[in-house]
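Each remark here refers to the structure printed beneath this line.
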Amino acid sequence: EPEVTQTPSHQVTQMGQEVILRCVPISNHLYFYWYRQILGQKVEFLVSFYNNEISEKSEIFDDQFSVERPDGSNFTLKIRSTKLEDSAMYFCASTQGGEAKNIQYFGAGTRLSVL
Amino acid sequence: GQNIDQPTEMTATEGAIVQINCTYQTSGFNGLFWYQQHAGEAPTFLSYNVLDGLEEKGRFSSFLSRSKGYSYLLLKELQMKDSASYLCAVLTDYKLSFGAGTTVTVRA
Chain A
4 EPEVTQTPSH QVTQMGQEVI LRCVPISNHL YFYWYRQILG QKVEFLVSFY NNEISEKSEI
64 FDDQFSVERP DGSNFTLKIR STKLEDSAMY FCASTQGGEA KNIQYFGAGT RLSVL
Chain B
16 GQNIDQPTEM TATEGAIVQI NCTYQTSGFN GLFWYQQHAG EAPTFLSYNV LDGLEEKGRF
76 SSFLSRSKGY SYLLLKELQM KDSASYLCAV LTDYKLSFGA GTTVTVRA
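In order, the protein sequences belong to chains A and B.
For the numbering used here, count along the first sequence from 1 and bump the result up by 3.
For the numbering used here, count along the second sequence from 1 and bump the result up by 15.
Here it is, written out as structure tokens:
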């Protein structure tokens, strides 16, 4: 069964460093998302992406964050200068479009630890 | 803003039925989703309601009343593997807004 894959599964970084989290959405999906979940808290929307541009972003998604689809398969989230409070689980999700477009399928996540 | 409420915890016995309620107040509505999340893992899609009524899918059923801003997830014939967090989420425009999740513990 097709799935969303994310790498790495765990990323440890020093405060102030840049990180890039990578995602390969399901191959025929057209809409892509990033969410995060701080330990013990709820899942929070960061950004949605369609047709090579951001569709919507939350207040969390400030100038330190950016997304990119550099080729036909990868979808990346970059955090330019990490802060301690960026430590969280980051989930990538994708949807197909059409009648099934609203069902978002999630990857296994990248646990980001900022020291 | 989006306000999605669900109970924090529920406990039930193996083989029993549990109903997890969710109430929501959101700006816009394009559907209500239920996801299952085991600790440290990704949310896994369970069900999706966009119209009022009951959607049945094996041991899991989900109900929606848009006029009341209310949904529930019904888990029947509980198994130990159903111990997990169950997330209620509302789709508005392009994004899902999640509740805090209900931790269900199934006891033998």
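From the three backbone atoms N, C-alpha and C, an ideal C-beta is built for every residue, glycine too.
* To do: Would you mind sorting THR117 of chain B into buried or exposed? The rule is 16 or more other CB atoms within 10 Å of its CB.
  => buried
* Asked: chain B partners of GLY110 of chain A, CB-CB under 7 Å?
  -> ALA57
* Let me know the secondary structure DSSP gives LEU93 of chain B once reduced to three states. => coil
* Checking contacts by CB at 7 Å: is VAL46 of chain A closer than that to chain B? -> yes
* Alpha-carbon spacing of VAL50 of chain A relative to ARG81 of chain B, whole angstroms -> 26 Å
* With distances taken between CB atoms, is the gap from TYR39 of chain B to ILE19 of chain B smaller than 7 Å? -> yes
* Nearest-angstrom Cα distance between ASP89 of chain A and TYR109 of chain B? -> 23 Å
* Asked: Is the CB of LYS72 of chain B under 7 Å away from at least one CB in chain A?
  -> no
* Closer than 8 Å at the beta carbon, the chain A residues around LEU79 of chain B -> Correct list: empty, because the minimum Cβ distance to chain A is about 14 Å.
* Asked: Distance, Cα to Cα, TYR85 of chain B vs PHE113 of chain B?
  -> 14 Å
* To do: Please confirm if SER90 of chain A has its CB atom under 7 Å from at least one CB of chain D.
  => The structure shown contains no chain D; the protein chains it does contain are A and B.
* Asked: Just by C-beta distance, which residues in the segment 40-69 of chain B are closer than 9 Å to chain A?
  -> ASN45, GLY46, PHE48, TYR50, GLN52, GLY55, GLU56, ALA57, PRO58, THR59, PHE60, TYR63 and VAL65
* Report the neighbours of LYS110 of chain B on chain A: residues whose CB is nearer than 7 Å to its CB, in chain order. => PHE48, SER51 and GLU59
* Backbone secondary structure at GLU70 of chain B - three-state DSSP -> strand
* Is any heavy atom in the ligand ADP found nearer than 6 Å to the beta carbon of CYS95 of chain A? -> The ligand ADP is absent from the structure shown, which contains no ligand whatsoever.
* Which residue's Cα is closest to the Cα of GLU6 of chain A: A:VAL70, A:ARG83, A:ILE29 and A:ILE41? -> A:ILE29
* Asked: In whole angstroms, what separates the C-alpha of GLN14 of chain A from that of LYS83 of chain B?
  -> 43 Å
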